[in-house]
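One structure is given here, and the rest of the page talks about it.
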Amino acid sequence: MIARTWHGVTTVAKADEYLRLMHTVAVPDYQAIAGNRGVYVMRRIEGETAHFLLLTLWDSEDAIRQFAGEDIEKAKYYDFDPDYLLELEPTVTHYEVFASPYGG
């Protein structure tokens, strides 16, 4: 299994609306891909900014390509992202998963 992490930052004023968009647009998009094994959306408020961390789990790099395109290191953004994010970070990070509390 492969874990993919993405990080983004919004202002606190836009954080709740961005979270809503993540739940209604991004999460279903991830979940629609065969080989996606989970989507976790995390948020941390720090002063006047809100950090979002998405952790997605995948069966393989091929499954990630179905979602992200050929360059799996490149971050995928939605049309609404520039209206919320303070920066469009260019890349994501991948990790091999060797154990989880759910087995595997």
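Numbering follows my numbering, with no gaps: position 102 of the sequence shown is 107.
Backbone N, C-alpha and C fix where the C-beta goes; we use that ideal spot for every residue, glycine too.
Check: Report yes if the CB atom of Trp63 is closer than 8 Å to the CB atom of Met6, and no otherwise.; Outcome: yes
Check: I need the DSSP call for Val97, collapsed to helix, strand or coil.; Outcome: coil
Check: Can you tell me which of the three DSSP states Phe57 falls into?; Outcome: strand
Check: Just checking my contact of Gly40 with Ala8 at CB under 8 Å: how many whole Å lie between their CB atoms?; Outcome: Contact flag wrong, Cβ pair sits at about 13 Å.
Check: I need the straight-line Cα distance from Leu93 to Ala104, nearest angstrom please.; Outcome: 31 Å
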